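Using the working numbering, the first residue of the sequence shown is number 253, and each one after it goes up by one.
Cβ coordinates follow ideal geometry from the N, Cα and C atoms, glycine included.
Small disclaimer: the values here were computed from a predicted structure and weren't measured.
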Amino acid sequence: MTNRLTYYLEESNILNEAQFGFRKGRSTISTLARVKDFVECAKEGNKISCMVSFEIQTAFNSIKWADIKKQLVACKVPRKLARLLDSFLRDRSVVLSDGSTWKYNIGVPQGFCAGPVLWLLIINEVLNQDNKNENVYLQAYADDIALLMKATASYHFKEMSREIILSWKIGLEILTCALVLIRRNTLSLKTKGK
């Protein structure tokens, strides 16, 4: 099931080119190369650049099944495969230590090898935002998201990042956030945990 879904998404070119995690032929090196190209382009245009890095908390455990199903439809996943995934994500429950049963509809079931590819479906929606601003680039490596921006002055970055983050249509719980500000010859780094 996982291989069929991965094959379909890759062969149909559904996954955003800015997603580097959980995909063949992509690595941290290719991720860093895109960051380097963005920063060099900013310098050539006499601009400064900024990267805000987000680590998503419990990414696989916080995926809403309704969001997965919505993405299966949006990506036109073949009906038989979509039904198989739907049946796997339906009527699941856990028996708690006190003997009671808890039904759940969020998170990837424990041991389900499709977790990474289902996460790709979810994060794909964020990466596919209709961003017409050439001064902004969004990329992801697994459950880490990098928002890169370039501007003539650093005070622009607050509003630019705010607009992008508020436009995300899915709820993501951010564990840590790091800010890297790159001026002509200096580098500043700030990290903030939850």
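{"Query": "If you draw a straight line from the alpha carbon of Y389 to that of L399, how long is it in whole angstroms?", "Result": "6 Å"}
{"Query": "Name the one or two DSSP bridge partners that S419 has.", "Result": "Per DSSP, none; premise fails for S419."}
{"Query": "State yes or no: is the C-beta of K299 within less than 8 Å of the C-beta of A403?", "Result": "yes"}
{"Query": "In angstroms, rounded to a whole number, what distance separates the CA positions of N385 and L257?", "Result": "32 Å"}
{"Query": "Any contact between the region 357-365 and the region 265-284? By contact I mean 3 or more CB pairs, one from each, below 8 Å.", "Result": "no"}
{"Query": "Anyone know if the C-beta pair for K447 and D338 falls short of 8 Å?", "Result": "In the structure as shown, the chain starts at 253 and stops at 446, and residue 447 therefore has no counterpart that could be examined."}
{"Query": "Starting from the Cα of F364, find the closest Cα among R344, K355, S349, N380 and give me that residue.", "Result": "R344"}
{"Query": "Answer with buried or exposed for V291, where buried requires no fewer than 16 other C-beta atoms within 10 angstroms of its C-beta.", "Result": "buried"}
{"Query": "By Cβ distance below 7 Å, which residues in the same chain neighbour Y393 in space, the five residues on each side in sequence not counted?", "Result": "F272, G273, T280, T283"}
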